[in-house]
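Chemist: When you line the sequence shown up against our numbering, it's residues 95 to 220, in that order. The beta carbon of each residue, even a glycine, is placed where N, CA and C say it ideally should be.
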Amino acid sequence: MPDHTPVTDESPQQLVSRAIDQSRRLAQAEVELAKDELHRDARQALQASALLGTGALLALGGSLLLAVALGLRLASARGALLLGLGLGGAGATLAWQGARRFPRHPLAETGEQLRQDLEVLRPALS
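1) Would the segment 191-207 count as touching the segment 136-145 if we require 3 or more Cβ pairs under 8 angstroms?
2) For Leu160, count neighbouring C-beta atoms within 10 Å of its own C-beta (all shown protein chains included) and say buried if the count is 16 or more, exposed if not.
3) Does the beta-carbon of Gly156 have 16 or more other beta-carbons within 10 angstroms, so that it is buried, or is it exposed?
4) Return the CA-CA distance between Leu164 and Leu177, expressed in angstroms with no decimal places.
5) Leaving out five residues before and five after Ala142 in sequence, what residues of the same chain have Cβ atoms less than 6 angstroms from its Cβ?
6) Label Leu166 either buried or exposed according to how many other C-beta atoms from any shown protein chain fall within 10 Å of its C-beta, with 16 as the threshold for buried.
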């Protein structure tokens, strides 16, 4: 006949209370981690948006300059064409850099930490 002696001297109420306390502390830590990660992701998205917007404005300015130079067929249109192409190219480059800097997997660290915490808590809750 197997021996069913308890591993700990704690009562079931104390064990449940300790599990709830652990869960509460883990949840608070997760909320803080999520806040920090969300702050970083928001800052990164803001910088990416600024680059993307600046690039779009430069590309628009270059397009307008090209349209005016081609529409007026000015004798000095060569300079305006080159300037329009330069502005368009710079705008496209900035917009591309901005698009690349957007967060790809927001709150990835928090999600991974939550999965790890659930694995730790699962034996205590069963």
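Modeler: Taking the coordinates as given:
1) yes
2) buried
3) buried
4) 12 angstroms
5) Gly192, Arg195 and Phe196
6) exposed
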